[in-house]
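Novice: Residue numbers (the working numbering), protein chains in the order written: chain A, 7 to 118; chain B, 6 to 118. Glycine residues also receive a C-beta, built at the ideal position from the N, C-alpha and C atoms. Pasting a structure below so you can have a look.
In structure tokens:
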């Protein structure tokens, strides 16, 4: 079946540190891949997406590249801010499939 | 920016009671979803709905759960007889036919005592 495995948290970084959150997927066919972010007390917001191999999604300084050869979609940011503290979810949706599958979520805390 | 609206934001209920969670999806979207997130845990798919019928459902979505689109704007999740383990945040989402991005509501927190 379709599934997403992402790096266990929590992750604690200092401001301006480099961030990587690993995500790998298992899916038949060619899924679209997503990162969603959940700020404290809020719902899920789309952060970025990529719909085919080698696509790079980017938003707010975050980037992730769709790597078919390694079935990965790792999230990176060169310099994190305190305001990036949130839970990050990797997700996939398979073409012509109706449900989006989420990873377990990774809690990021950025300290000043 | 269009958004998905959920009510109530928080509901407390006694075990065995019926609960209805309401959602207003984005108006031109055709696919609707319910997800559940037990506190601090992963986001779990419950059900998807298209063309006035369930298109997929997970093993969590048993006979205690039902969904309905009673009019042109609302999409509801009913839990017939709540259990303690139904306590969770319930998220509604919608998407249109041309995109594979789900837009989520802010969630409804259900607490079963």
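#1: For residue 85(B), count neighbouring Cβ atoms within 10 angstroms of its own Cβ and tell me buried if that reaches 16, exposed if not.
#2: With 7 Å as the limit, tell me which residues of the region 82-116 of chain B have their beta carbon closer than that to any beta carbon of chain A; keep them in chain order.
#3: Please list, in chain order, all residues of the same chain as residue 105(A) whose beta carbon is under 8 Å from its beta carbon, the five residues on each side excluded.
#4: So is residue 71(B) in contact with chain A if we call contact Cβ pairs under 9 Å?
#5: At the level of alpha carbons, what is the spacing between residue 42(A) and residue 11(B)?
#6: With residue 48(B) and residue 95(A) assumed to form a contact (beta carbons below 8 Å), what rounded beta-carbon distance in angstroms separates them?
#7: Within the present structure, is the beta-carbon of residue 90(A) separated from the nearest heavy atom of the ligand FAD by less than 8 Å?
#8: Can you tell which of 117(B), 38(B), 118(B), 19(B) has the C-alpha that lies nearest to the C-alpha of residue 74(B)?
#9: With DSSP collapsed to three states, give me the class of residue 64(B).
#10: For residue 94(A), decide whether its Cβ has a neighbour in chain B, counting only Cβ atoms nearer than 9 Å.
#11: Beta-carbon separation of residue 100(B) and residue 87(B) under 9 Å?
#12: Assign residue 86(B) to one of three DSSP states: helix, strand, or coil.
#13: Is DSSP giving residue 88(A) helix, strand or coil here?
Specialist: Per the coordinate set shown:
#1: exposed
#2: 96, 105, 106, 107, 109, 110, 111, 112
#3: 99
#4: Not a single C-beta of chain A is nearer than 9 Å to the C-beta of residue 71(B).
#5: 19 Å
#6: 6 Å
#7: Only the bare structure without any ligand can be found here, which leaves the ligand FAD out of the picture.
#8: 38(B)
#9: coil
#10: no
#11: no
#12: coil
#13: Three-state DSSP puts residue 88(A) in a helix.
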